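All residue numbers for the sequence shown refer to our numbering, where the first residue is 12 and numbers rise by one.
Just so it is clear, CB atoms sit at the ideal spot from N, CA and C, and this is done for glycine as well.
The structure displayed is predicted, hence computed values, not measured ones.
Here is the structure we will look at.
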Amino acid sequence: MKKLLLILFLLIAQFLSSAQCYESLKYIKRVFNPDRDNKIYRRERLFQFDYQYTKGDTSYRVVIAPGKDFYLVPESVVDNYLYSVKQISFKVIKPTLFQRTSRYQSETLTTYDPLLTKAWQGLVDNKHNVWLHPPRVYLFRILELNPFPYIKYPLAVGKQWTDSLSIGDHWSDPRWKVWKGRILNQYTYRVMGQTSISILGTTIPCWIIQASAKSSLGTTQLVSYFNEEYGFVQMDYINIDESRITLKLHRLPI
12 MKKLLLILFL
22 LIAQFLSSAQ
32 CYESLKYIKR
42 VFNPDRDNKI
52 YRRERLFQFD
62 YQYTKGDTSY
72 RVVIAPGKDF
82 YLVPESVVDN
92 YLYSVKQISF
102 KVIKPTLFQR
112 TSRYQSETLT
122 TYDPLLTKAW
132 QGLVDNKHNV
142 WLHPPRVYLF
152 RILELNPFPY
162 IKYPLAVGKQ
172 WTDSLSIGDH
182 WSDPRWKVWK
192 GRILNQYTYR
202 VMGQTSISIL
212 GTTIPCWIIQ
222 ASAKSSLGTT
232 QLVSYFNEEY
242 GFVQMDYINI
252 DESRITLKLH
262 RLPI
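Right under this line is the structure:
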């Protein structure tokens, strides 16, 4: 009887868990297998991204000191450092029972290669829309203040949508922006057109989605390049401190 009550409690807690997400997101409400409808981000399909971070005229890489926080070194000298983030990878996984991060969302495992750092986040991929949490460990925590990668079907040039998200001060960091309490990010997305992105010699047709986020802290931007087979192929961010991060698929997922 006690086991049954425990299972019931965990199930209710999982059902009531509040996801960090946009209000306009549409879900296909499957409690036990929200991955069933995924067309792009299918379970165990690996997505590997190269990254570039620039501030001013200098490109930097993320370096980790064992037992300490991250710091940045110029890309030209990063080979002198042992613990540097070279790529960011993620895949949709089947979480342990009752351990799903966000209700109705797929569970992603993000790694910061070749380090052992792991993070679990949510993702939505269905016939209505595709939406990702950005990487948000080390330097990439700054992306919490940017628009998240997000498209709404059907895609057409000129299509526009809006949303908002409340963000707490646990994302505050003196290396980019400090605040107290919660701020409200107001997002605008617009489909600008189509283009092609080359991945290891393969030309990938993409939709261009331009997005901005405005709050009391200032404005951030995202230009994402979306393909209906491979998802978000490239993401170009302008951050709250005017630095830039680009994430681009290292290779096509299989």
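Asked	Found
CB-CB under 6 Å to Ser207, same chain, minus the five flanking residues each way: which ones, in chain order?	Thr214 and Pro216
If contacts are defined as beta-carbon pairs under 8 Å, then Ala222 and Tyr198 qualify, I think. What distance do you get, rounded to the angstrom?	6 Å
Could you pull the start and end residues of the beta strand (DSSP E) that Glu118 belongs to?	Ser117 to Asp124
Under a three-way DSSP split, which group does Phe43 fall into?	coil
Drop a sphere of 10 angstroms on the beta-carbon of Pro125, count the other beta-carbons inside from all chains shown, and report buried for 16 or more, exposed for fewer.	exposed
Once you ignore the five residues that flank Ser175 on each side, which residues in its own chain have a CB closer than 8 Å to its CB?	Tyr33, Glu34, Leu195, Asn196, Gln197 and Tyr198
Please classify Ile220 as buried or exposed, where buried requires at least 16 neighbouring CB atoms within 10 angstroms.	buried
Please identify the residue among Glu55, Gln232 and Ser177 whose C-alpha is closest to the C-alpha of Arg193.	Ser177
Specify, as a first and last residue, the run of the beta strand (DSSP E) that Ala224 falls within.	Thr213 to Ser226
Using 8 Å for Cβ pairs, my map puts Asp46 next to Ser117. What's the rounded Cβ distance?	5 Å
For Glu55, I'd like the list of residues in its chain whose CB is within less than 8 Å of its CB, leaving aside the five on either flank, ordered along the chain.	Lys102, Val103 and Ile104
Are Trp142 and Val135 touching if we call contact CB-CB under 7 Å?	yes
Quick check on the burial criterion: 16 or more other C-beta atoms within 10 angstroms. Buried or exposed for Pro145?	buried
For the beta strand (DSSP E) holding Lys163, just list the boundary residues, first then last.	Tyr161 to Lys163
Along the chain, where does the beta strand (DSSP E) that runs through Tyr200 open and close?	Ile194 to Ile210
Can you give me the start and stop residues for the beta strand (DSSP E) that Pro85 sits inside?	Phe81 to Pro85
So, at 8 Å on beta carbons, what are the nonlocal neighbours of Pro77 in its own chain, with the 5 sequence-adjacent residues on each side left out?	Tyr94
Under the rule that 16 or more other beta-carbon atoms within 10 Å means buried, what is Asn238, buried or exposed?	buried
Which first and last residues belong to the beta strand (DSSP E) in which Thr231 is found?	Gly229 to Asn238
With DSSP as the reference, identify every bridge partner of Ser35, one or two as the case may be.	Note: Ser35 sits in no beta bridge, so no partner.
Is Ile210 near Leu260, with beta carbons less than 7 Å apart?	yes
From the DSSP output, in three-state form, read off Leu150 for me.	helix
What do you get for Phe43, buried or exposed, if any count of 16 or more other CB atoms within 10 angstroms of its CB means buried?	exposed
Let me confirm a value: Tyr164 is counted as buried when at least 16 other C-beta atoms fall within 10 Å, else exposed. Which label applies?	exposed
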